[in-house]
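Note that the protein sequences, when read in sequence, are chains A and B. Under this note's numbering, the first residue of the first sequence carries the number 943, and numbering increases by one thereafter. Under this note's numbering, the first residue of the second sequence carries the number 2, and numbering increases by one thereafter.
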Amino acid sequence: MADVKKIATRESYGNALKELGAAHEDVIVFDADLSNATKTNTFQKAYPDRHFNCGIAEGNMMAVAAGAASMGLVPFASSFAMFAAGRAFEQVRNSIGYPHLNVKIGATHGGISVGEDGASHQCCEDFALMRSIPGMVVMSPADDVETRAMVKAAYEHEGPVYMRFGRSAVPVIHDEANYSFEIGKGEVLRDGADVAVIANGLLVAEALEAADTLAEQGISVRVINMATIKPLDEELVLKAAKECGKIVTAEEHSVIGGLGEAVCAAVAESGVPCKVKRIGVNDEFGHSGPAAALLKQFGLSAEHIAETVKYLMAFSAD
Amino acid sequence: MTNEEKKQLQIAACKVRMGVIESVYAAKAGHPGGSLSAADMFAYLYFKELNIDPADPKNPDRDRFVLSKGHTAPGLYAALTNRGFFPVEDLKTLRQIGSYLQGHPNMNTVPGVDMSTGSLGQGISAACGMALAAKHMGKTCRVYTLLGDGEIEEGEVWEALMFAHHYKLDNLCVIIDNNGLQIDGPTKVVMDSGSIPDKLAAFGFEVAEIDGHSFDQMEAAFARARETKGLPFAIVMHTTKGKGVSYMENQVGWHGKAPNDGEYEQAMGELRAQLAGLEAE
């Protein structure tokens, strides 16, 4: 993938906010002293009178955003995933989720690829936390094209939305000219019949790479980009379960409470015979190190996806 | 304020107190103590201060009120119903299955409720967001929020106070019901907050300290609040928890429990006598 363009989805988020701000006067942005890292400063530079720094007070920021939404504005509130979903969970639950207010949470620095900052900042629990709130849409885009479309879709959606973006640059896998995004719809990036890999975030590019490797070995892998974790595209999951009979999920999140568990629940309750193997962070904390090295170490890689697909291939369909 | 106007507010406050007792008695649960300490403030807000219209509860230019101490919903509900937002008989459905009168205020079910609250410390933040948005949108409406003196132990309250000062929210009025008691006991014993007015002043607020059962002092404080430009305004009101029902006054045990049959009769008897006295004046 040497000449593939790479851009971090947080960077795309900042650009998307700026585009959105140009089109819609009611878009305002809140940040908690991380504007340079969350990239809301891109919006701030263009629309300084619509960007409000809340200081290092994420709980207050979320309820402030709720109040602003109740007045008819469309606030995007941003911080690192750890603080947006973690620190401010209860404000998100009670002041945004319960009244179903129109707040969009743009959480950056999700997952282990935060890297050098270490475990305190590597949030691998945000999907689980946000999924548990009734009415909350939970999404994590795979690349630049998807991020910009997702931010627009979040604006158009009436109600609370949580979006998780990454710190590290990721390859652009979508062709913008032929791309459309819909909340709650997964996307088959590559068709295949032996095993389906359902991934989101930076694991989507890894899944495509694994599918390439496996194709050379005669294994046909279906790659599904599941950018919306909630509401889950159960139809697409069950189609994969029926047609492939084997599913690998891959996400930069704990194996507890994220995409993997959502897929497991959909499959288990459907009665469709299908074996599922989850790839994620295995109920442990991360640590400091370069993002690429950490992703390999924690098994969030094309290699590990390929190994897991082969592991599932060893099980017979019946 | 004319004597007649004051009398009408006293009557309204007495009816708020009766609504609190009626609803909490019917629910067999709820928070009478802090509802009664703030009953005079609820009456003043809904019958004099707030620019609101029960016939048009969602008017985008109305004043907003956020009950940050959401557990005193019975007081808010009683004020709303007496002001004509919903039928008074519905008060008796408080906390029942199927009722829109939830244990803590729900903005999506109760006409006139501007923000869902109940988790302490969050209402003041939402009020800050409303005040900021109102300024940003060029609205002239004002935002009021009522907190308990136990509630200010939440760190988020101080985050919100900093925010209000930083963004010069002079359309915001923060009211603190300083009745001195919280569930576990006197605030000074549970967690002594020291001088609340001094702390608010240190956070950049213009502060008025008043008797929370005096309509004259409320009138003066709110007039000052409206005249204050460039700074947020706070009213610290000294009140008596359980005010108006003799056996509940200053009794921490009445923070969050319902009266039994005998206690209900006594409370209502006292309040009916107060009301009759006012109406006979």
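We put the beta carbon where it would ideally sit given N, CA and C, even for glycine.
Cβ shell of residue i (< 6 Å), same chain only, five flanking positions each side left out
| i | result |
| --- | --- |
| residue 1134(A) | 1162, 1163 and 1164 |
| residue 1073(A) | 1080 and 1172 |
| residue 286(B) | The first residue shown for chain B is 2 and the last is 282, placing residue 286(B) beyond what the model contains. |
| residue 1020(A) | 973, 980, 982 and 1048 |
| residue 1111(A) | 948, 949 and 950 |
| residue 943(A) | Residue placement at residue 943(A) is poorly supported in this model, since its pLDDT is 47, which falls under 50; the coordinates are not used for a value here. |
| residue 1228(A) | 1054, 1061 and 1064 |
| residue 79(B) | 17, 20 and 21 |
| residue 976(A) | 1021 |
| residue 34(B) | 242, 243, 255 and 256 |
| residue 207(B) | 229, 232 and 234 |
| residue 202(B) | 208 |
| residue 1152(A) | 1244, 1247 and 1248 |
| residue 1(B) | There is no way to answer for residue 1(B), as the model of chain B reaches only from 2 to 282. |
Neighbourhood of residue i by C-beta, 7 Å cutoff - its chain only, sequence neighbours within 5 removed
| i | result |
| --- | --- |
| residue 1246(A) | 1221 |
| residue 1045(A) | 1007, 1008, 1011, 1017, 1019, 1038 and 1102 |
| residue 94(B) | 100 and 102 |
| residue 957(A) | 984 and 1090 |
| residue 1123(A) | 1088, 1091, 1092 and 1095 |
| residue 959(A) | 971, 982, 984, 985, 1018 and 1093 |
| residue 10(B) | 44, 45, 48, 49 and 216 |
Inter-residue CB distance, residue i and residue j (contact presumed, cutoff 8 Å)
| i | j | result |
| --- | --- | --- |
| residue 1071(A) | residue 1027(A) | 5 Å |
| residue 1005(A) | residue 974(A) | Wrong, their Cβ atoms sit about 12 Å apart, outside the cutoff. |
| residue 176(B) | residue 238(B) | 6 Å |
| residue 120(B) | residue 73(B) | Going by Cβ atoms, the distance from residue 120(B) to residue 73(B) rounds to 14 Å, so no, they are not a contact pair. |
| residue 130(B) | residue 157(B) | Going by Cβ atoms, the distance from residue 130(B) to residue 157(B) rounds to 13 Å, so no, they are not a contact pair. |
| residue 1167(A) | residue 1084(A) | 5 Å |
| residue 38(B) | residue 178(B) | 6 Å |
| residue 1205(A) | residue 1179(A) | 6 Å |
| residue 1058(A) | residue 1230(A) | 5 Å |
| residue 1145(A) | residue 1194(A) | 6 Å |
| residue 1169(A) | residue 1140(A) | Between residue 1140(A) and residue 1169(A) the Cβ distance is about 11 Å, and since that is not below 8 Å, they are no contact. |
| residue 146(B) | residue 69(B) | 5 Å |
| residue 1115(A) | residue 137(B) | About 38 Å separates the two Cβ atoms, so there is no contact after all. |
| residue 67(B) | residue 127(B) | 6 Å |
| residue 1186(A) | residue 1138(A) | 4 Å |
Close Cβ partners of residue i (< 8 Å) along its chain, the five nearest in sequence each way excluded
| i | result |
| --- | --- |
| residue 113(B) | 53, 55, 58, 81, 84, 86 and 87 |
| residue 1253(A) | 1219 |
In DSSP terms, what residue i is bridged to
| i | result |
| --- | --- |
| residue 144(B) | 65(B) and 173(B) |
| residue 236(B) | 176(B) and 209(B) |
| residue 1261(A) | With chain A covering 943 to 1260 only, the question about residue 1261(A) has no answer from this structure. |
| residue 256(B) | DSSP output for residue 256(B) lists no bridge partner at all. |
| residue 1196(A) | 1223(A) |
| residue 973(A) | 995(A) and 1020(A) |
| residue 1276(A) | Since the first residue of chain A shown is 943 and the last is 1260, residue 1276(A) is not available in this structure. |
| residue 1191(A) | 1140(A) and 1220(A) |
| residue 1103(A) | 1046(A) and 1079(A) |
| residue 182(B) | 187(B) |
| residue 949(A) | 1112(A) |
| residue 1172(A) | 1080(A) |
| residue 1065(A) | 1052(A) |
| residue 149(B) | 178(B) |
Distance cut-off 7 Å: residue i Cβ against heavy atoms of the ligand FAD
| i | result |
| --- | --- |
| residue 17(B) | This structure simply doesn't include the ligand FAD, nor any ligand for that matter. |
*Relative to chain A, which residues along the stretch 94-127 of chain B have a C-beta separation below 9 Å, given in chain order?*
Of all residues in the stretch 94-127 of chain B, 107, 108, 109, 115, 116, 117, 118, 119, 120, 122, 123, 124, 125, 126 and 127 have a Cβ within less than 9 Å of some Cβ in chain A.
*Members of the stretch 68-85 of chain B near chain A, C-beta cut-off 8 Å*: Within the stretch 68-85 of chain B, no residue has a Cβ lying closer than 8 Å to any Cβ of chain A.
*Does the stretch 1106-1120 of chain A come close enough to the stretch 944-952 of chain A to have 3 or more Cβ pairs within less than 8 Å?*
Between the stretch 1106-1120 of chain A and the stretch 944-952 of chain A, the count of C-beta pairs closer than 8 Å reaches three or more; the two stretches touch.
*Pairing CB atoms from the stretch 1050-1066 of chain A with CB atoms from the stretch 1083-1094 of chain A, are three or more of them under 8 Å?*
Judged by Cβ distances under 8 Å, the stretch 1050-1066 of chain A makes no contact with the stretch 1083-1094 of chain A, as fewer than three pairs qualify.
_Interfacial residues, the stretch 962-988 of chain A to chain B, with Cβ spacing under 8 Å_ = Only those residues of the stretch 962-988 of chain A whose C-beta falls short of 8 Å from the nearest C-beta of chain B are listed: 970.
_Whether or not the stretch 1200-1219 of chain A and the stretch 1027-1036 of chain A are in contact is what I'm after, with contact meaning three or more pairs of Cβ atoms, one per stretch, closer than 8 Å; do they touch?_
With contact defined as three or more Cβ pairs closer than 8 Å, the stretch 1027-1036 of chain A and the stretch 1200-1219 of chain A are not in contact.
_Does the structure place the stretch 191-200 of chain B close enough to the stretch 211-222 of chain B that three or more beta carbon pairs sit under 8 Å?_
Flag = no, the stretch 211-222 of chain B and the stretch 191-200 of chain B do not touch.
*Can you give me, in chain order, the residues of the stretch 1073-1089 of chain A that have a beta carbon less than 9 Å from any beta carbon in chain B?*
Listed by position, the residues of the stretch 1073-1089 of chain A near chain B (Cβ gap below 9 Å) amount to none.
*Compile a chain-ordered list of the residues in the stretch 1021-1037 of chain A whose CB is closer than 7 Å to at least one CB of chain B.*
Result list: 1032, 1033, 1036 and 1037.
*Any residues in the stretch 166-187 of chain B with a beta carbon nearer than 9 Å to a beta carbon of chain A? Which ones, in chain order?*
Of all residues in the stretch 166-187 of chain B, only 167 and 168 place a beta-carbon less than 9 Å from a beta-carbon of chain A.
*Return the residues of the stretch 1039-1066 of chain A that lie within a Cβ-Cβ distance of less than 8 Å from chain B, sorted by chain order.*
Under the 8 Å Cβ criterion, the stretch 1039-1066 of chain A contributes 1040, 1041 and 1042.
*Of the residues that make up the stretch 126-140 of chain B, which ones have a beta carbon closer than 9 Å to any beta carbon in chain A?*
Those residues of the stretch 126-140 of chain B that come within reach of chain A (Cβ to Cβ, closer than 9 Å) are 126, 127, 128, 129, 130, 131, 132, 133, 134, 135, 137, 138 and 140.
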